[in-house]
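S.K.:
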Amino acid sequence: MAIETDADRLLFVNPEEFGAVAVWTTVSGAKPAVSCIYDDSFIALAAGELEFTQEGGRLQLTMRTSDVPADADLKDAISVTSDAIGAKSVRVLEFQPDGTGMTIVRVQEV
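Residue numbers for the sequence shown follow my numbering, beginning at 282 and rising by one.
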């Protein structure tokens, strides 16, 4: 049994505090706007003496699982807006539900 409700989880993605607004477009059309957290983490990898380095970002949206459209699929388009990032267009790469009522949606900027 979950400790928090879906309404409680909405506080964590509030766009007026630190979240963003995402408009999801699936094969059946645009869905209502939902709140999420847009995360653009920097990743740097090195393989010691092999002189291999790789840098890049890991873009992801964290949202309530109940806000992920039922017909969501890989390669769906999402428009994300917030005061911090402005407006971005991304495509879905992967869904990672965490079992607590939240889902991480890995995305790629288009």
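Beta carbons are placed, not taken as given, at the ideal position from N, Cα and C, and that holds for glycine.
1) Can you tell me which of the three DSSP states residue 286 falls into?
2) Three or more C-beta pairs under 8 Å: does that hold for the segment 325-335 against the segment 296-308?
3) Could you check what DSSP says for residue 355 in three-state terms: helix, strand or coil?
4) Should residue 388 be labelled buried (16 or more other beta-carbon atoms within 10 Å of its own) or exposed?
5) Might you give, ordered along the chain, the residues of its own chain that have their beta carbon closer than 7 Å to the beta carbon of residue 348, omitting 5 neighbours on each side?
6) Going by alpha carbons, who is nearest to residue 256 out of 391, 286, 285, 345?
7) If distances are taken between C-alpha atoms only, which option among 352, 351, 375 comes closest to residue 343?
8) Drop a sphere of 10 angstroms on the beta-carbon of residue 352, count the other beta-carbons inside from all chains shown, and report buried for 16 or more, exposed for fewer.
9) Report buried or exposed for residue 301, applying the criterion of at least 16 other Cβ atoms within 10 angstroms of its Cβ.
10) Helix, strand or coil for residue 329? Go by DSSP, reduced to three states.
M.R.: Once the coordinates are examined:
1) coil
2) no
3) coil
4) buried
5) 315
6) An answer regarding residue 256 cannot be provided, because it is not within the stretch 282 to 391 covered by the chain.
7) 375
8) exposed
9) buried
10) helix
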